[in-house]
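Colleague:
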Amino acid sequence: MNSWSSRKIKKSNEQIDAKYVVFYATYMTINELKRLPFFVLILFSNLLCFSQSIEGIVTDDLGVPVPYATIYIKNRPELRTVTSDKGNYTLFIEVGSYDVVVKYLGFETLEQFVVVRQGSNKIDFQLKPADNELNEIEIKVKRTNPGHEIIKKVIERKDIINPEQYSYSVDVYLKAAEKRAISEKRSKQEIEEELDKITDPFEREEKEKELRYATTDNLNLVEVEMERHFQPPNNVKEIRNAYVRKGKDDRLYYTTTTKSNFNFFANILYVDDLNESPVTSPISWAGILSYKYKLVRQYVEGGVKYHKIEIAARNSATSTLTGYLIIQDSAWMVKELSFRMEKGDLLKFDYFEIDQLFENRGDTLCVLKQQNMRYGVSFNKDVTEASTSVAYDNYVFGKEYGKKFFSNEVAVTTQDAYDKDSAFWESNRRIQLTEEERELLRKQDSIHAVLNKKEYLDSVDKEFNRVTFWKVVWFGIDQRNRAKKIQWSVSSLAGMIEPIYIAGPRISPNFDYFKKWENEKYIDTYGKVSVGVLNGDIKGTARVRYLYDPFRQSAVFLRFRHDFDLIRQQDAISQIFLRDNFIESTKLVGGHYTELLNGLYLDAEVEFNERRSVDGYKFITLLDSAINNTAPPVFKTYQALLLRLIVEYTPGQKYMREPKRKVILGSKWPTFYIGYEKGIPGFLGSDVDHDYIDLGVRQSFKIGTLGTTNYHVKTGKFLNARILKDPDYKYHRRSDPLWFSNPLYSYQGLDTSLPTMDFYLETHIVHHFNGALLNKIPFMKKTRIKSVVGGGYLYVPEHNYQYWEFFAGLERDFKLFKRRLRIGLYGVYSDANFSPPTGQFKISFSLLDERDMKYNF
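One rule links them: number in this note's numbering = place in the sequence shown (from 1) + 8.
Right under this line is the structure:
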């Protein structure tokens, strides 16, 4: 028995059989009994490690239990067991993910991926008879459409082979590169148009370098190394360990995994930053109705048979993909797929292609190892070809996360991630750069080094600060201190002239000052003095804004303005410039804007305003008869002290954390808001006394593949209107002739600006079909014309007024100066209880906002 006493009891994954412990304990010597406490301790430790297990039954294809089948862990043969005479088994094992192998003579060896959690895990296995020709015979018999039948087998198993049924972590390397072929240099006007979009002068300078000194063949590159964490059904978090950007990234796609998820095992893919409408997956029962499947090739690789299935759209209205899948025979798992999307529903690109490569673990899991995307767009002679490649390594399935690990913060990038040097990327880059990319980067790095030398920057600043005749006359005078990040400017002589203005032309010199700190805080000021040509009156404006928290975009501001003002700020274009809408005001406004909590914003301001009549001013009357102009209102000068508060909340607002800023991604929930305005009487001689409150909700959401719906519902009421002046009234905006104003905030058939004192109800809804309707008509998808419908309802009880409208229209996107312009033509039918029904046609123009990839409605 000394041989037993010298046996080492290891803390390994060995199975401990209690009957052997009893057998050996019977023959223990006295010396061995002294070691019993140590033995019990080790035994207890092993039993504690294996307090969880997998258990179940092994059956054949007819459901008959398979006795004495061998079950073991792949690459861990010591972790094994055998089924009982009734096919039952129990295997003690640590928490984790494993490939389980089940063998029995006369049956195919089964290899299945399993995730073991704490406690008992019920997992059954089913073995297939060892007849490899059975499935091939089934395919050959169904000659009508074998590709269709193969895909159905995959769909039947997709909930099993889909890796996103499990939580997991994975190491990700992402490389996005854009090669731009520019046949000729950009014009000065094109460069200025892009620069005008940037308010920060130092960011503007960096942008100008990129635009003016770009080589003929230019490369833009983003590389990211991250940990990606996932938990079903859709919790995602990126922890970015390294990030580098060379050049611009505005035309690079999929530089983060948090916005879109190309999981084709899902029924529908929502890729809102790429495509206007959701994409039906070919690996779904909805896809069976949307796509045609054709078996084009069968081949054997490594002793495994594969099928290549081509897919094409049955109806372009409901399916947008073409391409192929490669399916493993018998296991019916996806080895590879390649799909293409053509322009039409694509928001930004002319085409988009995606390839995915999978590692098949056993018979039960398709693990994404790499995906490659190719996309491009052309604007006249400016052609962009871009690609994004993503590599996935070191999956850990079945990972357990704390309750607070996943939140609305879906990505984190630290400053350390930006500080990684080229040596880091050379040693950690999992997808190597092409020789062409390396050569272009070398050229760009050389240019960048030259453009950032102190001698060069000093020469640039010297030229920038030099005062010339043309700067004084036409361009304006600018001065910069690069070391202190200060810049100020004075308008040119030409810039002082305002030829069209209320009460005639004006001479308006202006000045601005900008100061930025290393922590991204900044102060921005502006001042203008204005002298009227007709009346000799002096007006002016001054403002200062201080951004004190860049992450929350928190800022305070102070604004002074002595100028003409409007009574009805949102009136129709045909009415807003009539003189009965003009007053003169001198006001001082102080305010604060901040994000209190994620998604919860506060906008507060206090305004002191002295309002005067413009009666007595000289006006240009040349067009008075043509526009039926009117006389300005006459009233006694008065003061108004106003407090305004707006609180806005979007639940579940997703965002990405950068070192000094917060990138908002949006939310699936509506945005709720409430506003309050108080006219404060008495203090500082204020002559107003009113309280007004309004609240509303707005949202945009997709209805499967049927399109996108937007709605806005609003109500409001004066709680107190003891002293209410005309500019403080709340109006429902009069409609514009011909122009289709934003239907989420206005109506198309109101014939008057309707003031309201009491409760009202305002509702708007718009639905874009995104091709789901018109694409059913042959050849309509090629025209890229989309359909839209909507309507609105207004109820104002104090006037016993009800108004409703319905509209339908056609819209099409066009390329315009490297932007997307949407032009729409609409037919509107409206009716009200105090006016006859009317019908009219209207037109609208809208530019795509490339920050959130949305139009204004």
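Ideal placement from N, C-alpha and C gives every residue a C-beta, glycine not left out.
Please go through the same chain and pick out, in chain order, the residues whose beta-carbon is closer than 6 Å to the beta-carbon of T679, but skip the five residues on each side of it.
Modeller: Closer than 6 Å at the Cβ level, and outside the excluded window around T679, lie T658 and R706.
Colleague: By the three-class DSSP mapping on this structure, what secondary structure does V655 have?
Modeller: Three-state DSSP puts V655 in a strand.
Colleague: Count the other CB atoms, across all protein chains shown, that sit within 10 Å of the CB of L855; report buried if there are 16 or more and exposed otherwise.
Modeller: With fewer than 16 Cβ atoms within 10 Å of its Cβ, L855 is classed as exposed.
Colleague: Can you look up W525 in the DSSP assignment and give me helix, strand or coil?
Modeller: W525: coil per DSSP, three-state reduction.
Colleague: Could you check which residue in T422, K82, D860 and K536 has the C-alpha nearest to that of D520?
Modeller: Measuring from the Cα of D520, the nearest candidate turns out to be K536.
Colleague: Leaving out five residues before and five after R188 in sequence, what residues of the same chain have Cβ atoms less than 6 Å from its Cβ?
Modeller: Cβ neighbours of R188 beyond the five flanking positions: N226 and T392.
Colleague: Here's the rule: buried if 16 or more other CB atoms are within 10 angstroms of the residue's CB, otherwise exposed. What is A77?
Modeller: Buried, since its Cβ has 16 or more Cβ neighbours within 10 Å.
Colleague: Report yes or no: do three or more beta-carbon pairs, one from the region 814-829 and one from the region 739-747, lie closer than 8 Å?
Modeller: Cβ pair count under 8 Å is below three, so no.
Colleague: With the cut-off set at 8 Å, would you say D695 and A729 are in Cβ contact?
Modeller: It is not a contact, given that the beta carbons lie outside the stated cut-off.
Colleague: Taking the alpha-carbon positions, what's the K19 to R438 distance?
Modeller: The pLDDT assigned to K19 is 31, lower than 50, so where the model puts this residue is not dependable; a value taken from the coordinates is nonetheless given after this. Approximately 36 Å, taken between the alpha carbons.
Colleague: By the DSSP assignment, the beta strand (DSSP E) with R165 in it spans what residues?
Modeller: Note, R165: premise wrong, no beta strand (DSSP E); alpha helix (DSSP H) at P154 to I169.
Colleague: Would you mind reading off the limits of the beta strand (DSSP E) that contains A729?
Modeller: Its beta strand (DSSP E) spans residues T716 to I731.
Colleague: For the candidate residues M234, R382 and E819, whose alpha-carbon lies nearest to that of Y403?
Modeller: Y403 has its Cα closest to that of M234, out of M234, R382 and E819.
Colleague: Does DSSP classify N864 as helix, strand or coil?
Modeller: It is coil, neither helix nor strand.
Colleague: Verify whether the separation of the beta carbon atoms of G798 and P751 is less than 8 Å.
Modeller: Cβ atoms of G798 and P751: closer than 8 Å.
Colleague: Under three-state DSSP, which class holds E233?
Modeller: If DSSP states are grouped into helix, strand and coil, E233 belongs with the strands.
Colleague: For a quick check, are the C-beta atoms of R236 and T263 less than 8 Å apart?
Modeller: No, they are not a contact pair.
Colleague: State the beta-bridge partners of T422 as determined by DSSP.
Modeller: Bridge partners of T422: none, in fact.
Colleague: Please name the residue in R792, L781, P844 and K823 whose C-alpha comes closest to that of A4.
Modeller: The first residue shown for the chain is 9 and the last is 865, placing residue 4 beyond what the model contains.
Colleague: Below 8 Å CB to CB, which residues in the same chain sit around L354 once its five sequence neighbours on both sides are set aside?
Modeller: L282, N283, E284 and F360.
Colleague: Below 8 Å, how does it come out for the region 538-550 and the region 564-584: are there three or more Cβ pairs, yes or no?
Modeller: In short, these stretches touch, since the Cβ pair count reaches three.
Colleague: Cutting at 6 Å between CB atoms, please list the residues of its own chain near F347, excluding the five before and the five after it.
Modeller: Only L329, G331 and I362 meet the Cβ criterion.
Colleague: Start and end of the beta strand (DSSP E) containing W496?
Modeller: W496 -> beta strand (DSSP E) spans I494 to V498.
Colleague: Taking the C-alpha atoms as reference points, what is the distance between G599 and L566?
Modeller: Looking at the two C-alpha atoms, the distance is approximately 7 Å.
Colleague: Do L758 and V804 have their beta-carbon atoms positioned less than 8 Å apart in this structure?
Modeller: No.
Colleague: Keeping to the same chain, check which residues put their C-beta closer than 8 Å to that of R560; ignore five residues upstream and five downstream.
Modeller: The answer, listed in chain order, is T602, E603 and K670.
Colleague: DSSP on S516, reduced to helix/strand/coil?
Modeller: Looking at S516 - three-state DSSP - the assignment turns out to be coil, as it is neither helix nor strand.
Colleague: Roughly how many angstroms lie between the CA atoms of V180 and P507, to the nearest whole one?
Modeller: So the two alpha carbons sit approximately 58 Å from each other.
Colleague: Measuring alpha carbon to alpha carbon, tell me which of T422, L113 and A634 ends up nearest Y251.
Modeller: Ranking the options by Cα distance to Y251, first place goes to T422.
Colleague: Among L673, A184 and D453, which residue has its Cα nearest to the Cα of V398?
Modeller: Of L673, A184 and D453, the residue nearest in Cα terms is A184.
Colleague: Have a look at H775 and K245 and give me their C-alpha separation to the nearest angstrom.
Modeller: Their backbone Cα atoms lie some 32 Å apart in a straight line.
Colleague: Within 10 Å of its beta-carbon, does G370 have 16 or more other beta-carbons around it, so buried, or fewer, so exposed?
Modeller: Result: buried.
Colleague: Please give me, in chain order, every unbroken run of the alpha helix (DSSP H) with length at least 4 that falls completely inside the region 381-437.
Modeller: Complete alpha helix (DSSP H) runs here, min 4: 423-426 and 430-436.
Colleague: As a quick exercise: from V110, K790, Q364 and G724, pick the residue whose alpha carbon is nearest that of V66.
Modeller: Per the Cα distances, V110.
Colleague: When DSSP labels each residue in this structure, what does D588 get in the three-state scheme?
Modeller: Three-state DSSP puts D588 in a helix.
Colleague: For a quick check, are the C-beta atoms of Y426 and K710 less than 8 Å apart?
Modeller: Not in contact: Y426 and K710 (Cβ atoms no closer than 8 Å).
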